[in-house]
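Trainee: Using full-length UniProt numbering, the first residue of the first sequence is number 1, and each one after it goes up by one.
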Amino acid sequence: MSTRPTALPPAGAPDVLYLIDLSGYVFRAYHAISPLSSPSGEPTHATYGTVAMLSKLVEERKPAYLGVAMDAGGKTFRGELDARYKAHRPPPPPDLTVQMARCKEIVEAYRIPIFIEQGLEADDLLAVAVARAKEKGLRVVIASSDKDLMQLVDDERVVLWDAMRDKVYGAAEVKEKFGVPPEQVRDLLALVGDSSDNVPGVPSIGLKTAAELLGQFGTLEAIYARIDEVKKPRTREALKTNQADALLSQKLVTLDGSASVDLDLEKLQYGGGADVDRLRELFTALGFTRFLKAVRAPTPEAREATSRVILSREELAAFVAEAREAGRLALEVHASSRDPMTASLVGVALACQPGQGVYVPLGHRYLGVPAQVSLNDLKEVLGPALADPALPKVGHDVKFCEVALQRQGFSFAGVTFDTLLASYLLDPEGNNALPVLSERDTGIKVPPFEAVAPKRKGQPTRGLDEVEVSDAAKYAAAFPAAALAVSDKLRPRLRSERLEKLLDDLELPLAGVLAQMEVAGVLVDPGALTGLGEQMAKELAVIETRAREIVGHELNLASPKQLETVLFDELKLKSQRKTKTGRSTDADVLEALAEEHPLPGVVLEHRLIAKLKGTYVDALPKLVHPETGRIHTRWSQAVAATGRISSQDPNLQNIPIRTALGRSIRRAFVAPPGSVFLSADYSQIELRVLAHLSRDPVLVEAFRTGQDIHTRTAMEIFDVDAASVTEEMRRQSKTINFGVIYGMGESALAKRLGIPRAEAARFIDAYFQRYRGVHEFMERTMAEARRSESVHTLLGRRRLLPDLRSSDRMRRAYAERIAQNTPIQGTAADLLKLAMVKLARPVVPGARMVLTVHDELAFEVPSGVVEEASVKVREAMESVYALDVPLVVDIGHGASWAEAH
DNA sequence: TGTGGTTT
DNA sequence: AAACCACA
Numbered sequence: 001m002s003t004r005p006t007a008l009p010p011a012g013a014p015d016v017l018y019l020i021d022l023s024g025y026v027f028r029a030y031h032a033i034s035p036l037s038s039p040s041g042e043p044t045h046a047t048y049g050t051v052a053m054l055s056k057l058v059e060e061r062k063p064a065y066l067g068v069a070m071d072a073g074g075k076t077f078r079g080e081l082d083a084r085y086k087a088h089r090p091p092p093p094p095d096l097t098v099q100m101a102r103c104k105e106i107v108e109a110y111r112i113p114i115f116i117e118q119g120l121e122a123d124d125l126l127a128v129a130v131a132r133a134k135e136k137g138l139r140v141v142i143a144s145s146d147k148d149l150m151q152l153v154d155d156e157r158v159v160l161w162d163a164m165r166d167k168v169y170g171a172a173e174v175k176e177k178f179g180v181p182p183e184q185v186r187d188l189l190a191l192v193g194d195s196s197d198n199v200p201g202v203p204s205i206g207l208k209t210a211a212e213l214l215g216q217f218g219t220l221e222a223i224y225a226r227i228d229e230v231k232k233p234r235t236r237e238a239l240k241t242n243q244a245d246a247l248l249s250q251k252l253v254t255l256d257g258s259a260s261v262d263l264d265l266e267k268l269q270y271g272g273g274a275d276v277d278r279l280r281e282l283f284t285a286l287g288f289t290r291f292l293k294a295v296r297a298p299t300p301e302a303r304e305a306t307s308r309v310i311l312s313r314e315e316l317a318a319f320v321a322e323a324r325e326a327g328r329l330a331l332e333v334h335a336s337s338r339d340p341m342t343a344s345l346v347g348v349a350l351a352c353q354p355g356q357g358v359y360v361p362l363g364h365r366y367l368g369v370p371a372q373v374s375l376n377d378l379k380e381v382l383g384p385a386l387a388d389p390a391l392p393k394v395g396h397d398v399k400f401c402e403v404a405l406q407r408q409g410f411s412f413a414g415v416t417f418d419t420l421l422a423s424y425l426l427d428p429e430g431n432n433a434l435p436v437l438s439e440r441d442t443g444i445k446v447p448p449f450e451a452v453a454p455k456r457k458g459q460p461t462r463g464l465d466e467v468e469v470s471d472a473a474k475y476a477a478a479f480p481a482a483a484l485a486v487s488d489k490l491r492p493r494l495r496s497e498r499l500e501k502l503l504d505d506l507e508l509p510l511a512g513v514l515a516q517m518e519v520a521g522v523l524v525d526p527g528a529l530t531g532l533g534e535q536m537a538k539e540l541a542v543i544e545t546r547a548r549e550i551v552g553h554e555l556n557l558a559s560p561k562q563l564e565t566v567l568f569d570e571l572k573l574k575s576q577r578k579t580k581t582g583r584s585t586d587a588d589v590l591e592a593l594a595e596e597h598p599l600p601g602v603v604l605e606h607r608l609i610a611k612l613k614g615t616y617v618d619a620l621p622k623l624v625h626p627e628t629g630r631i632h633t634r635w636s637q638a639v640a641a642t643g644r645i646s647s648q649d650p651n652l653q654n655i656p657i658r659t660a661l662g663r664s665i666r667r668a669f670v671a672p673p674g675s676v677f678l679s680a681d682y683s684q685i686e687l688r689v690l691a692h693l694s695r696d697p698v699l700v701e702a703f704r705t706g707q708d709i710h711t712r713t714a715m716e717i718f719d720v721d722a723a724s725v726t727e728e729m730r731r732q733s734k735t736i737n738f739g740v741i742y743g744m745g746e747s748a749l750a751k752r753l754g755i756p757r758a759e760a761a762r763f764i765d766a767y768f769q770r771y772r773g774v775h776e777f778m779e780r781t782m783a784e785a786r787r788s789e790s791v792h793t794l795l796g797r798r799r800l801l802p803d804l805r806s807s808d809r810m811r812r813a814y815a816e817r818i819a820q821n822t823p824i825q826g827t828a829a830d831l832l833k834l835a836m837v838k839l840a841r842p843v844v845p846g847a848r849m850v851l852t853v854h855d856e857l858a859f860e861v862p863s864g865v866v867e868e869a870s871v872k873v874r875e876a877m878e879s880v881y882a883l884d885v886p887l888v889v890d891i892g893h894g895a896s897w898a899e900a901h
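1) What's the C-alpha gap between M1 and D162?
2) Taking S40 as the reference, give the member of F288, F217 and I33 with the closest Cα.
3) May I have a chain-ordered list of the alpha helix (DSSP H) segments no shorter than 4 residues that lie completely inside the region 441-526?
4) Can we say the region 564-583 touches the region 630-649, given the rule of at least three CB pairs closer than 8 Å?
5) Let me know the secondary structure DSSP gives H892 once reduced to three states.
6) With distances taken Cα to Cα, identify the nearest neighbour of L17 among D124, R139 and Q99.
7) With 16 other CB atoms within 10 Å as the buried threshold, where does Q184 fall?
8) State the CB to CB distance for the pair L484 and A472, rounded to an integer number of angstroms; the pair is presumed to be in contact (CB under 8 Å).
9) M70 to E221, Cα distance in whole Å?
10) Once you ignore the five residues that flank P492 on each side, which residues in its own chain have a CB closer than 6 Å to its CB?
11) Does the contact criterion of 3 or more C-beta pairs under 8 Å hold for the region 556-576 versus the region 597-614?
12) Indicate whether the contact test is met: 3 or more Cβ pairs, each with one atom in the region 60-74 and one in the region 320-328, closer than 8 Å.
13) Using CA coordinates, which residue listed in V153, L120, I114 and G201 is at the minimum distance from A131?
14) Would you report the Cα separation of G521 and Q372, rounded to the nearest angstrom?
15) Count the C-beta pairs between the region 305-315 and the region 346-362 that are closer than 8 Å, then say yes if the count reaches three, no if not.
16) Compute the distance between the beta-carbons of A29 and T50, then report whether it is under 8 Å.
17) Just to confirm the assignment, what range does the beta strand (DSSP E) spanning K75 have?
18) Measure the beta-carbon distance from A900 to A858 and round it to whole angstroms, keeping in mind my assumption that it falls under 8 Å.
19) Within 10 angstroms of its Cβ, does D197 collect 16 or more other Cβ (buried), or is it exposed?
20) In whole angstroms, what is the alpha-carbon distance linking D618 and L529?
21) Take the Cβ of N654 as the centre, count every other Cβ of all protein chains shown within 10 Å, and call the residue buried at 16 or more, exposed below.
22) Considering Cα atoms alone, identify which of P428, V774 and D505 is closest to L800.
23) Assuming V398 and H692 make a contact with CB atoms under 8 Å, what is their CB distance in whole Å?
24) Taking all protein chains shown into account, do 16 or more other C-beta atoms lie within 10 angstroms of the C-beta of M715, making it buried, or fewer, making it exposed?
25) What does the alpha-carbon distance come out to for the pair D588 and I764?
26) Name the two residues that bound the continuous beta strand (DSSP E) containing I20.
27) Please specify which runs of the alpha helix (DSSP H), each continuous and at least 4 residues long, are wholly inside the region 701-789, giving them in chain order.
28) Rounding to the nearest angstrom, what Cα-Cα distance links S683 and G533 in this structure?
29) For E856, which of helix, strand or coil comes out of DSSP?
30) In chain order, what residues of the same chain have a beta carbon less than 6 Å from the beta carbon of A898, not counting five sequence neighbours either side?
31) Taking Cβ to Cβ, would you say A515 is nearer than 8 Å to V403?
32) State the DSSP-derived secondary structure class of A318, mapped to helix, strand or coil.
33) Report back the beta-carbon spacing between A478 and P447 to the nearest angstrom; my notes put them in contact at under 8 Å.
34) Roughly how many whole angstroms lie between the Cα atoms of Y270 and R89?
35) Between E212 and V141, what straight-line distance do the alpha-carbon atoms span, to the nearest angstrom?
36) If L678 and V861 are in contact, beta carbons under 8 Å, what's the gap, nearest whole angstrom?
What follows is the structure, given as structure tokens:
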């Protein structure tokens, strides 16, 4: 026997037929996998196992020919032969029948041919298919582990593949398993019988005896012809007595490949042309998010988008007419920088047919540049179309276009699709760049910028505005051309994956709100900052001098490398922790060292001031817009994996608040004369979300009765009454509540609280003892997440987590923390986004939303109407969604952001 | 690129 | 946990 195990033919081999014993597979998965159900409660475990096999087969084996055999149900010729055959079997349980039907639907959606034949079992059909395939010279892989089918194995040309265990049975493996070659399996099974099918066989003859007999005689017929040569008397007698049953069993187990069945092998050629929409719909309904990613229409033919340059008002007018005729308009604004508030327009690219773009250069400047459309002509000709809400607009990052155009005095309405936002909803951590989406989903290539503007030796890289317009058009016009084509692919995907509402009712309207916020900006009082900056510079100088005196030489306190040498080599302080490159000098380490030496404390003070000065005090004045005098942060809604909004230039979401110095920076964010700064915070939104999602009775009650949640947690885990909760107990409880939200493990909690791991473990344990509902919710979430390889929020936003099945423990543990955190953080983000959309229109005339920080919205409000605005903002935010617990908003106002808190 | 630090 | 940013 060969020592090398039989292997499957190579993936994609053109002469291989894959056959699936579907009924057998579903039946096996039904018993092998523990029960699961879909979000709607439908049983799914057998379906899940079957889909896992199917998708693995289709994705990895890339079958050239593929077919599925199923039992027809009802009477078979075997039942006619022997009334006992499979007669003892109870009717299949209803949850198996449901899943069998589902599996059939899924196979149909894969567009895999199914053969069913009255009177025959799936095994018989497989035998026929194998026989026909052999005639044609095809190799065959049967996806099954049914021992009856092993008689069909033919060396390495016909093999059985147990996809669940990934084991392949060729002749060698069959011999190993049964002790006989495949051609004797039939007679072996006839002798041994099969209790699960009620095939009688010969009593007292087992696998070993049967194999020995067949080794000696070759066939069942030969055994009976030479029955007297059977040595063991007991075996001989058993054979004689049960000759009828043995022959009957042989008929029952024989798979006859010569049956006349209508089966055309040519129809089994598999092109991979699955009904992807139907598959996605089924997988979504069943909660099989894990398989969604693999469902992809066959890669379309690669092609370039067409492009045309528009240089005159007339040509532009003709295009606008075309777009109106086509009923939609895709656009991409090409600007001189990523910041739409300061960028100048280089050109506008448009499309109204997928794959066909035009480019309107506006600000190209190079020697010999042709006359370009003027901004005024653009406004007059394209402006009305952009402003027309009845003309649907499509783009990739439409907010950028909107802000850049608004800045030039255009109005903008009627956005119906954004490929960036759509792609983000489908996979927030995927690559959402338009060229990537376009090539993958539509085959349209967006050329890289370098392709139209090759780098020239010794010359600086050019901007788009320095590229010859017809070259630029090949690049620029491809964007809207691709966006339109991509939108046609993504819209049905969003629909079948139940993300369409999230786009239409949340993200798209939110993009408009964020655009308004970017245009509005926020006012910073530069005077307040310069004074602060001078003061900080002086303090830093003093600290640096002190540090020099301590160590006796020059040193740069901002350099972790220098600091490392001084602290651990010169001063011989004990290294606490290592980083990848050396010994850590982070705040925790310095705090620990501060007791032993004066230098670490000095460094900490320096770091605090230098950080605030560099990041805010010095940076903010540079970001003041020269024309508006305000700071126009860019808001991103398609960056954070959890669904949160993020902000850049500056990041308004990490402006200091805890230290006095930090608060003085917030004091520089002010409302203009005649207005006040109004700030509204959701109180404990994440824990409220957790209460709602988990329905934990203690948590829900605490919020319904308006208790201090950290005190309540302290009462629970320390088992004391409210009056006995000390400051320290409350502080620890607060950290634990945080830990729960972030999926913090023991070690992270221990570090935070500065306690031993074992103690942290006890806290966590006590927490889950008292908040049983939370514990159960976490377990449920994790089980769901493992199955679907994804987690989702209250509004159905999702995050894919393939790493939950990673073989790397670190990655898996990381994914598990994310699985705990994301439903909570993401749902809080959903609610805030909802509130923002709800507050899209000013609550009172003259009010405008200027910033958001995860659980906070801030507005500029005319001074006279603050009270009215406060009432309206609170009402809107608190009623944004009816949770099981009340939503509470803390609201305040004042001259600056600091005072509004 | 790595380290460190700010927010929620 | 997950953003963004400064600095060496």
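Glycine included, C-beta positions come from ideal geometry on N, C-alpha and C.
Mentor: This is what the structure gives:
1) Position 1 of the first sequence, counted from the first residue, corresponds to residue 1. Position 162 of the first sequence, counted from the first residue, corresponds to residue 162. With a pLDDT of only 48 at M1, under the threshold of 50, the placement of this residue in the model should not be trusted; the figure read from the coordinates follows. Spanning the two alpha carbons is a distance of roughly 21 Å.
2) Locating residue 40 in the first sequence gives position 40, where the first residue counts as 1. With distances taken between Cα atoms, S40 lies closest to F288.
3) Correct list: 449-452, 469-476, 478-496 and 508-520.
4) Taking one beta carbon from each stretch, the region 564-583 and the region 630-649 have fewer than 3 pairs nearer than 8 Å; the two do not touch.
5) In the first sequence, counting from the first residue as 1, residue 892 sits at position 892. The residue asked about is misnamed: residue 892 is Gly in this sequence, not His. Here G892 carries a strand assignment [DSSP, helix/strand/coil].
6) Residue mapping note: residue 17 aligns to position 17 of the first sequence, counting from 1. With distances taken between Cα atoms, L17 lies closest to R139.
7) As a first step, residue 184 is located in the first sequence; it is residue number 184 there, counting from the start. Residue environment for Q184: buried (at least 16 other C-beta atoms within 10 angstroms of its C-beta).
8) By one-based count along the first sequence, residue 484 stands at place 484. By one-based count along the first sequence, residue 472 stands at place 472. Incorrect: roughly 19 Å between the Cβ atoms, too far for contact.
9) In the first sequence, counting from the first residue as 1, residue 70 sits at position 70. In the first sequence, counting from the first residue as 1, residue 221 sits at position 221. M70 and E221: Cα-Cα distance of roughly 31 Å.
10) Counting from one through the first sequence, the residue named residue 492 turns up at place 492. Correct list, in chain order: D277.
11) Result yes; three or more Cβ-Cβ pairs closer than 8 Å.
12) No, the region 60-74 does not touch the region 320-328.
13) Stepping through the first sequence from its first residue, residue 131 is reached at position 131. Here the closest residue by C-alpha is V153.
14) Looking up residue 521 in the first sequence gives position 521. Looking up residue 372 in the first sequence gives position 372. The straight-line gap separating the alpha-carbon atoms of G521 and Q372 is approximately 32 Å.
15) Below 8 Å, enough C-beta pairs join the region 305-315 and the region 346-362 to call them touching: three or more.
16) Taking the first sequence and counting its residues from 1, one reaches residue 29 at position 29. Taking the first sequence and counting its residues from 1, one reaches residue 50 at position 50. Between A29 and T50, the C-beta spacing is below 8 Å.
17) Taking the first residue of the first sequence as 1, we reach residue 75 at position 75. In the DSSP assignment, K75 falls outside any beta strand (DSSP E) and carries neither an H nor an E.
18) As a position in the first sequence, residue 900 is number 900, starting the count at 1. As a position in the first sequence, residue 858 is number 858, starting the count at 1. Right, their Cβ atoms sit about 7 Å apart.
19) Taking the first sequence and counting its residues from 1, the one referred to as residue 197 is at position 197. Classification of D197: buried, given that the 10 Å Cβ count is 16 or more.
20) To locate residue 618, count along the first sequence from 1; it is residue 618. To locate residue 529, count along the first sequence from 1; it is residue 529. Those two C-alpha atoms are separated by around 8 Å.
21) By one-based count along the first sequence, residue 654 stands at place 654. Exposed, because fewer than 16 other Cβ atoms sit within 10 Å of the Cβ of N654.
22) In the first sequence, the residue the question calls residue 800 occupies position 800. For L800, the nearest C-alpha among the options comes from P428.
23) One-based indexing of the first sequence puts residue 398 at position 398. One-based indexing of the first sequence puts residue 692 at position 692. With a Cβ gap of about 32 Å, V398 and H692 do not count as contacting.
24) Counted from its first residue, the first sequence places residue 715 at position 715. Here M715 is buried. Its C-beta has 16 or more other C-beta atoms within 10 Å.
25) One-based indexing of the first sequence puts residue 588 at position 588. One-based indexing of the first sequence puts residue 764 at position 764. Inter-residue distance for D588 and I764 is about 23 Å (C-alpha atoms, whole angstroms).
26) Position 20 of the first sequence, counted from the first residue, corresponds to residue 20. That run of the beta strand (DSSP E) goes V16 to D21.
27) At a cut-off of 4 residues, the continuous stretches assigned as alpha helix (DSSP H) that sit fully inside the region 701-789 are 709-718, 727-742, 746-753, 757-770 and 772-788.
28) The residue labelled residue 683 in the question sits at position 683 within the first sequence. The residue labelled residue 533 in the question sits at position 533 within the first sequence. Rounded to the nearest whole angstrom, the C-alpha separation of S683 and G533 is 33 Å.
29) By one-based count along the first sequence, residue 856 stands at place 856. Secondary structure of E856 (DSSP, three-state): strand.
30) To locate residue 898, count along the first sequence from 1; it is residue 898. For A898, where only same-chain residues beyond five positions count, the Cβ hits under 6 Å are R663, R666 and R667.
31) Taking the first residue of the first sequence as position 1, residue 515 is located at position 515. Taking the first residue of the first sequence as position 1, residue 403 is located at position 403. Contact check for A515 against V403 passes: the beta carbons are separated by less than 8 Å.
32) By one-based count along the first sequence, residue 318 stands at place 318. Correct three-state label for A318: helix.
33) Residue numbering aside, residue 478 sits at position 478 when the first sequence is read from its first letter. Residue numbering aside, residue 447 sits at position 447 when the first sequence is read from its first letter. Correct: roughly 6 Å between the Cβ atoms.
34) Position 270 of the first sequence, counted from the first residue, corresponds to residue 270. Position 89 of the first sequence, counted from the first residue, corresponds to residue 89. C-alpha separation (whole angstroms): 36 Å.
35) Within the first sequence, numbered from 1, the residue matching residue 212 stands at position 212. Within the first sequence, numbered from 1, the residue matching residue 141 stands at position 141. Just so you know, the alpha carbons of E212 and V141 end up roughly 29 Å apart.
36) As a working note, residue 678 is residue 678 in the first sequence. As a working note, residue 861 is residue 861 in the first sequence. Contact holds; Cβ gap of about 5 Å.
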